[in-house]
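If you're matching positions, the sequence shown starts at 9 in our numbering and goes up one per residue. In this text, a Cβ means the ideal position worked out from N, Cα and C, and glycines have one as well. Below: the structure, in structure tokens.
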Amino acid sequence: KVGDPANEETLVGPIINNQQTDNLRRIIQQAQNEGASLFFDGGIEGNLVGPHVFVNVEPDFAVAKEESFGPVLPILKARDEAHALELANDTEFGLSSAVCTSNHERGVKFALGIEAGMSHINEISVADHPNAPFGGEKNSGLGRFNDQWIVEEYTTTHWVTAQK
9 KVGDPANEET
19 LVGPIINNQQ
29 TDNLRRIIQQ
39 AQNEGASLFF
49 DGGIEGNLVG
59 PHVFVNVEPD
69 FAVAKEESFG
79 PVLPILKARD
89 EAHALELAND
99 TEFGLSSAVC
109 TSNHERGVKF
119 ALGIEAGMSH
129 INEISVADHP
139 NAPFGGEKNS
149 GLGRFNDQWI
159 VEEYTTTHWV
169 TAQK
């Protein structure tokens, strides 16, 4: 359900602002213009953007390469696991990823090959825990945040010795 985040039944709340909603509209329209098929259209009403799932997505489509920061999901077909990893890493971004699998060990091995700051097995793609390093790789994020990582991100270690 898309709607008010104060309602327990809501799964997808509003997009942060009109600019981001307009960006999602652009991504959705561009995906269709490039030839992707809209498999599921969750609709858009104001800043409430329901899930939009695309199939027949090619690796060079913008929807496969951009960070949408919204409920826009491209589904790409992979020949095998190695090709799936290649597709996952074929972007200049790498904030977060999710791996869905019934084989935990295989999922962890796959996740470790993804060039992202965070990977989650059978979970949503973005989780923020106060004691975990939140941040991305490549052109995503601004370093690592939370717990001791934030101190390391905003300070410089400098060792000074002196001898008389």
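Closest by C-alpha distance to residue i, when choosing among the options
i       : options                         : result
Glu-131 : Pro-22, Thr-109, Gly-144        : Thr-109
Glu-66  : Gly-11, Val-20, Tyr-162, Leu-84 : Leu-84
Phe-47  : Leu-19, Asn-139, Ala-96, Leu-81 : Leu-81
Gly-11  : Asn-26, Glu-53, Glu-113, Gln-40 : Glu-53
Leu-56  : Asn-26, Gln-156, Thr-164        : Asn-26
Coarse secondary structure for residue i, derived from DSSP in three states
i       : result
Glu-131 : coil
Val-168 : coil
Glu-53  : strand
Glu-145 : strand
Boundaries of the beta strand (DSSP E) in which residue i is found, first to last residue
i       : result
Leu-46  : 45-49
Ala-72  : Looking at the DSSP string, Ala-72 is not in any beta strand (DSSP E); the run it does join, the alpha helix (DSSP H), is 70-73.
Phe-62  : 60-63
Ala-119 : First-last for Ala-119: 112-121, but that is the alpha helix (DSSP H), not the beta strand (DSSP E).
Val-80  : 80-82
Val-107 : 104-107
Residue i Cβ short of 7 angstroms to the ligand MN heavy atom set
i       : result
Thr-165 : This structure does not include the ligand MN; it has no bound ligands of any sort.
Residue i: first and last residue of the uninterrupted alpha helix (DSSP H) it sits in
i       : result
Leu-173 : The structure shown has nothing for residue 173, since the chain only spans 9 to 172.
Leu-32  : 26-42
* **the region 93-103 contacting the region 118-126, beta-carbon criterion three pairs below 8 angstroms** => With the cut-off at 8 angstroms, the region 93-103 and the region 118-126 touch.
* At a cut of 8 angstroms, does the region 30-47 reach the region 15-22 through at least three beta carbon pairs? -> no
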